[in-house]
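Structure first, commentary second.
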Amino acid sequence: MLHILRIGLTRPSVILFVSEFILIYLSVIFAAFLRYLIVSGDFWIIEDLLPNSLIVACSLSVALYYLDAYSTYFYMQKSRAISFWILVQAVALSYIFLSFFYYIFPSLYIGRGILSINFIVVVVILELWRIIFPLLTSQAGLIRRVAILGEDKLAVNLQKISTEKFAGFEVTRIIPLEESQNIQEIIDILEKEKLNTLIVTKETLKKLPLELLWKCHLRGDHLIDGLSFYEWLTGKVPCEDLRATNILFVYNPANLYFTRLIKRIFDIIFSLILLVVTAPFHVVIALIIKLTDKGPIFYCQTRTGLYEKIFTIYKYRSMVVDAEKKTGPKQATDRDDRITRIGHYLRMTRFDELPQLLNVLKGEMSLIGPRPERPPFTEVYKEKIPYYFLRHSVRPGITGWAQVNHEYTNDLEGTYEKFQYDMYYIKYFSLGLDFIIFLKTLKVVITGKGAK
């Protein structure tokens, strides 16, 4: 379970989130101080704003998260202008939310004068903090400097991925393990470069001298399995090292009966709730489809489900009628001319998937799981991708781990990449991982950005 919850939660990102939450809270109080200093000099009224400031801090922190301000990519931006613009967007979005929030809860209202001053104050403070923070993390030792023992394909991949320091790790070097190499030479390298974490790849582990393990243990070094480190860092199971037994023995239906039962109960309850809550959207979407494009509102298609059973999936039609009449089965592309005008928005927000709540109630799908593929494509992928059949050991879902971590793809290479995410989901199948996927899906729906 801890393995799942650590996805995307490195020490630097957690510390940054908490520290910025405190800074946002203090910036509101400071803005109030400036406001009352200018107007009346009466500072005691600030005490009444202390609990209300928490609402501002919460809304802005959530806005920053949904704009990927805590992702590794954000910190690797070379342009400070881009990061500054994202901060401005986050503050603006949080203020839009607060305007609705204050309308519903007027007792928690903070004046426009304070919020206006805070807009400038918080953007400046956060921008300065984001310039200083990476320097502090390096000096404080929050970025763990590691070495990889071995130089196989996994070692090279790990070095590429770990070049982004904000991942919490910095791969300093790859140490080849040669038969003629003196064990003391490896220890000397670790001591000279002050490395206390050693990642050992699978191939290296087969020929790793016990004496080296013992000496590293005496030094207090952290020894990490390369495969587990890769999974933790990427949220994927590398297919080149995948063995069917690794998944089948981990994902044991008998051992996970209770988890699957709870998941099924949640599926039924939340599907019914979502059908009721989204009822107005169903009416609006149906009317728009009918008014803007002649043809049926719904689109039915066969898909491969649990244990490769074929079922019919329901969607709101986002393409022109008879889109595959001339071409036969063909996957959609990002700029597919078969997609209707309203279809682009339905796909971007995933509202075209809403009718699949009926598939969930029928037990053919789950709210969360690997996306079901069409039978013709399933047969192709089973031939091209090793162990692809393992994908069908869980119920397919409306959204999944691959969908929230990878962009839409219609080629074999992209499908291979998404399959690795699916294998991670199956290997670490849990309600905790489902909850994380749910939060990430909300992010995609709200912002219209992210994987599809």
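Take this note's numbering: the final residue in the sequence shown is number 469, and no numbers are missing along the way. Every residue gets a Cβ at the ideal spot worked out from N, C-alpha and C, and that includes glycine.
The three-state reading of DSSP puts A164 in strand, counting E and B together.
Distance from I385 to T416 at the Cβ level is roughly 6 Å; contact confirmed, criterion being Cβ atoms closer than 8 Å. Counting only runs of at least 4 residues, the stretch 305-375 fully encloses the following alpha helix (DSSP H) elements, listed from N- to C-terminal order: 358-366.
Here the stretch 161-176 lies against the stretch 207-227, with 3 or more beta-carbon pairs under 8 Å apart. Residue P413 holds the alpha-carbon nearest to the alpha-carbon of M440 among R162, V300, S133, P413.
Per the coordinates, the alpha-carbon of E424 lies some 46 Å from the alpha-carbon of F50. For I39, the closest C-alpha among the options P68, Q318, R52 is that of P68.
Annotation: the continuous alpha helix (DSSP H) that includes L77 extends over 67-83. Under a 10 Å Cβ-count criterion, I463 is classified as exposed, with fewer than 16 other Cβ atoms of the shown protein chains found around its own Cβ.
The stretch 410-447 is shown to contain whole alpha helix (DSSP H) runs of 4 or more residues at 418-422, 429-444, in chain order. Assignment of I127 by DSSP, reduced to helix, strand and coil, places it in the coil class. Looking only at V188, S111, Q106, V105, the smallest Cα-Cα distance to I72 is reached by S111. Between E434 and the set T251, L378, E187, the nearest pair of CA atoms involves T251.
Using a Cβ-Cβ distance cut-off of 8 Å, the stretch 364-374 and the stretch 400-407 are not in contact, since fewer than three pairs of beta carbons, one from each stretch, lie closer than that value. The three-state reading of DSSP puts L240 in strand, counting E and B together. If you draw a straight line from the Cα of A164 to the Cα of L235, it comes to about 17 Å. Here the C-alpha atom of G312 lies approximately 30 Å from the C-alpha atom of P387. When the beta-carbon positions are compared, L448 and Y442 stay at least 8 Å from each other. Within the model, the alpha-carbon separation for D428 versus G360 is close to 21 Å.
A distance below 8 Å between beta-carbons, with the five flanking residues on each side excluded, links I46 to the following residues of its chain, in chain order: I63, L66, L67, S70. Taking R281 as the centre and dropping the five residues before and after it, the same chain places no C-beta closer than 6 Å to its C-beta. R147 carries a helical assignment under DSSP once its states are collapsed to helix, strand and coil.
In this structure, the beta-carbon distance from R162 to E187 falls below 8 Å. Counted as a single uninterrupted DSSP element, the alpha helix (DSSP H) harbouring L104 occupies residues 97-121. Comparing alpha carbon positions, the residue from L227, T189, R28, E228 closest to K209 is T189. Between P151 and the set E248, P29, E37, the nearest pair of CA atoms involves P29. Assigned with DSSP and collapsed to three states, I463 falls in helix.
Rounded to whole angstroms, the gap between the alpha carbons of K457 and D339 is 33 Å.
About 6 Å separates the beta carbons of Y331 and Q373, which is inside the 8 Å limit, making them a contact pair.
Ranking P389, L289, L378 by CA distance to the CA of T319 puts P389 first. When only Cα atoms are considered, K444 and L407 end up about 10 Å apart. Separation of I241 and T214 (C-alpha to C-alpha, rounded to the nearest whole angstrom) is 7 Å.
Here E325 is near H409, since their CB atoms are less than 8 Å apart.
Within a 10 Å sphere around the beta-carbon of V301 sit fewer than 16 other beta-carbons, which makes this residue exposed. By the beta-carbon neighbour count (other beta carbons within 10 angstroms, threshold 16), T357 is buried.
Rounded to whole angstroms, the gap between the alpha carbons of V377 and S245 is 33 Å.
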